[in-house]
Ligand code: NAD
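Residue numbers (our numbering): 3 to 286.
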C-alpha cells in the first residue's frame, strides 16, 4: 500500500491564510482580534511556544499582548492579571502558557479565565460544552487532529476510532470530538488490556501516549489512518512521535509525520479560536 503523508505544515498554513483574510474583513468592520499570552518563568520550551504564537498572530493580523513574568510572580498576581484581561475589551483571547511554576494552582488560574476568552479550551465550561454538544471553544490540539482528518477528506462517521491516551488535554477531548463526528470511539490507556488487538480493529488511530515510537506498524489494520500527536525525543535525541513511522509505511493508508503533522495545527487552531472568540465578543 502506498502510504500518504498528511502534511500538517501545509494544512496549518492554509488555515492561517484563510484566517488572515477573515481578520482583514473584521478589521474593516472595526474589530481587531486580540490575544493576551501570559508566560511565567523561564521554561525554554514554553518560551519557544510563546514566541511561535506571537509570530502567528503577527502573520494573521491579530494583536498580541505579551506578559512575560518572573518565576517569583505570585498566584494572586497572575489571578489579578487574568481578571484585568477578562475586563479588557481589546483582549478577546487569554492564554496562560502551561506548565506554571509549582507554587501556583493551574486549575485555579484556568477557572479564573472568562470562558468566552478561554482560547485554549481548558476551562471546565468549555470542556463541559464539548461533552454535551454546546458551542464553545475547543482545545487546540484535539481540534487540529479533526481538522487534519477533514481537510484530507478522511471520513470519520461510522469509523472505528481508537484513541491511545486519555489525558485532559488530548485523549479525552479528541475522543469527544470524534464522537461528535459520529465515529465509533474506543479510548485506551495505560491499563488497557491487549492494546494490540484493540488498535488492530481501528480504521483511525490517534496516538497521544507520550512514549517514543510506541505504536508500530505490526499493530495496525492494513489501510488504517494514523494521527501521531506525540512529541518525544528518540535515543539519539531526535524529535519523534508516539508512532514508529518507518514500520507503519506501507501498512497505513495515511500518516502524520513528527515534526510537521499535528504540531503546526495546534497553533493554527489557537489562531482560529482567537478569531472565533473575537467574533463572538464583537457580536459578529
Ligand atoms: P499524558 O502523559 O498526560 O497522557 C498520556 C496518556 O497515555 C495517559 O492517558 C496514559 O494512560 C496513556 N498511556 C501511558 N502509557 C500507556 C500504555 N503503555 N498503553 C496505553 N496507554 C498508555 O500526555 P499528553 O499530555 O496527553 O500528551 C501525549 C503526547 O502528545 C506527548 O508526547 C505530548 O508531548 C504530545 N502533545 C503534543 C501536542 C502537539 O501540539 N502536537 C500537544 C499536547 C501534547
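We put the CB at the ideal spot given by N, CA and C, even for glycine. Everything numeric in this text was worked out from a predicted model, so none of it was measured.
* Is it a yes or a no for the segment 190 to 208 touching the segment 166 to 178, going by three-plus beta-carbon pairs under 8 Å? -> The answer is yes - the segment 166 to 178 touches the segment 190 to 208, with three or more Cβ pairs under 8 Å.
* Asked: Which residues in the same chain have their Cβ closer than 7 Å to the Cβ of residue 3, if we skip the five residues on either side of it in sequence?
  -> Once the five neighbours on either side are set aside, the close Cβ partners of residue 3 are 224, 225, 252, 253, 255.
* Report the rounded CA-to-CA distance for residue 287 versus residue 165, giving the unit in angstroms. => Only positions 3 to 286 of the chain appear in this structure, which leaves residue 287 out of reach.
* To do: Confirm the yes/no value for this check: CB of residue 190, any heavy atom of the ligand NAD, distance under 7 Å.
  => Flag set: Cβ of residue 190 near the ligand NAD.
* **residue 125 - DSSP class collapsed to helix/strand/coil** => Coil, per DSSP.
* Asked: Just to confirm, are residue 236 and residue 217 a CB contact at a threshold of 8 Å?
  -> No, they are not a contact pair.
* **Whole-angstrom C-beta distance between residue 94 and residue 112, which should lie under 8 Å** => In fact, because the Cβ distance is near 17 Å, the residues do not count as touching under 8 Å.
* To do: Classify residue 34 as helix, strand or coil using the three-state DSSP reduction.
  => In the structure shown, residue 34 adopts coil according to DSSP, grouped into three states.
* To do: Output the residue ranges of the beta strand (DSSP E) runs that lie fully inside the segment 19 to 107 and measure 3 residues or longer, sorted by chain position.
  => Within the segment 19 to 107, the beta strand (DSSP E) runs of at least 3 residues that lie entirely inside it are, in chain order, 36 to 42, 65 to 71, 95 to 98.
* **Collapsed DSSP secondary structure at residue 208 in the structure displayed** => Note: residue 208 maps to strand in three-state DSSP.
* **Option nearest residue 180 by Cα separation, candidates 158, 192, 23** => Checked all of 158, 192, 23; the closest Cα to residue 180 is 158.
* **Distance, residue 92 Cα to residue 106 Cα** => If I take the Cα positions, the gap works out to 27 Å.
* **Contact check, residue 58 vs residue 269, beta carbons under 8 Å** => For residue 58 and residue 269, yes; Cβs fall inside 8 Å.
* Asked: Who does residue 230 pair with in a DSSP beta bridge?
  -> Answer is 209, bridged to residue 230.
* **Test item: CB-CB of residue 139 and residue 155 under 8 Å** => Pairing residue 139 with residue 155 gives a Cβ-Cβ distance that is not under 8 Å.
* Within 7 Å: the Cβ of residue 97 and any heavy atom of the ligand NAD? -> Checking the Cβ of residue 97 against the ligand NAD gives no.
* Asked: How is residue 16 classed by DSSP in three states: helix, strand or coil?
  -> Residue 16 carries a helical assignment under DSSP once its states are collapsed to helix, strand and coil.
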